[in-house]
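Novice:
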Amino acid sequence: MKTMRGLRNCSNDAVTLDLTVHPPPPPLPPPAPPTVSSSTASTSLSFDEEETSESKIGRLISEHPVIIFTRFSSCCMCHVMKKLLSTVGVHPTVIEIDDGEIAYLAVEAAPVLFIGGTCVGGFESLVALHLSGQLIPRLVEVGALWA
1 MKTMRGLRNC SNDAVTLDLT VHPPPPPLPP PAPPTVSSST ASTSLSFDEE ETSESKIGRL
61 ISEHPVIIFT RFSSCCMCHV MKKLLSTVGV HPTVIEIDDG EIAYLAVEAA PVLFIGGTCV
121 GGFESLVALH LSGQLIPRLV EVGALWA
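According to UniProt numbering, the sequence shown is numbered sequentially starting from 1.
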């Protein structure tokens with residue numbers, strides 16, 4: 001008889017449930033305290049404390065093949081953009097920015113999508129790109145999607 005995490009396979013192809021109470025596993029050790037670094041080398045979403053908003057935004061655009069900038073994470077258009085992209089297999093980086101930082105994007109409103117460092121625009125532009133059949137080839141071209 002083969003046992004697997006509380007289930008036993010019986011000879012008559014029936015499954016019985018083992019309701020034996022097992023002791024809880026030992027607690028995990030506490031996580032190490034996070035280290036704070038002012039370098040951008042550790043992760044692409046880290047910021048140099050002296051880096052300007054404009055250079056942060058420019059760096060993020062160049063480092064991420066698909067990135068959405070939005071004013072707030074609960075933005076319905078941002079959610080729909082993420083949903084459309086996820087249906088084709090792409091999960092964009094989403095960055096929340098304030099009104100003052102939007103000026104560095106050279107657009108009037110957020111959310112705004114960049115693919116391969118180029119501004120696509122907002123939701124309507126993304127849908128137009130998708131309906132024209134140009135979205136998937138563009139995502140493949142920038143390495144965000146495998147052909």
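Beta carbons: idealized from backbone N, C-alpha and C, even for Gly.
The structure displayed is predicted, hence computed values, not measured ones.
Note the first and the last residue of the continuous beta strand (DSSP E) segment covering residue 218.
Specialist: Any answer about residue 218 is impossible in this case: the structure gives the chain only from 1 up to 147.
Novice: Once DSSP output is grouped into helix, strand and coil, what is the label at Ile-97?
Specialist: For this step, residue 97 is matched to residue 97 along the sequence shown. If DSSP states are grouped into helix, strand and coil, Ile-97 belongs with coil.
Novice: Rounding to the nearest angstrom, what Cα-Cα distance links Pro-92 and Thr-70 in this structure?
Specialist: Here residue 92 corresponds to residue number 92 of the sequence shown, with the count starting at 1. Here residue 70 corresponds to residue number 70 of the sequence shown, with the count starting at 1. The alpha-carbon atoms of Pro-92 and Thr-70 are separated by roughly 12 Å.
Novice: Our contact map puts Ile-115 next to Val-94 with C-beta atoms below 8 Å; I'd like the distance itself, whole angstroms only.
Specialist: Along the sequence shown, one-based indexing puts residue 115 at 115. Along the sequence shown, one-based indexing puts residue 94 at 94. Between Val-94 and Ile-115 the Cβ distance is about 14 Å, and since that is not below 8 Å, they are no contact.
Novice: Residue range of the alpha helix (DSSP H) that Thr-87 falls in?
Specialist: Start at 1 with the first residue of the sequence shown, and residue 87 comes out as number 87. 76-87 is the extent of the alpha helix (DSSP H) around Thr-87.
Novice: Considering only C-alpha positions, which residue in the set Pro-30, Gly-100, Phe-123 is nearest to Val-80?
Specialist: Numbered from 1 along the sequence shown, position 80 holds the residue referred to as residue 80. Among Pro-30, Gly-100, Phe-123, the Cα nearest to that of Val-80 belongs to Phe-123.
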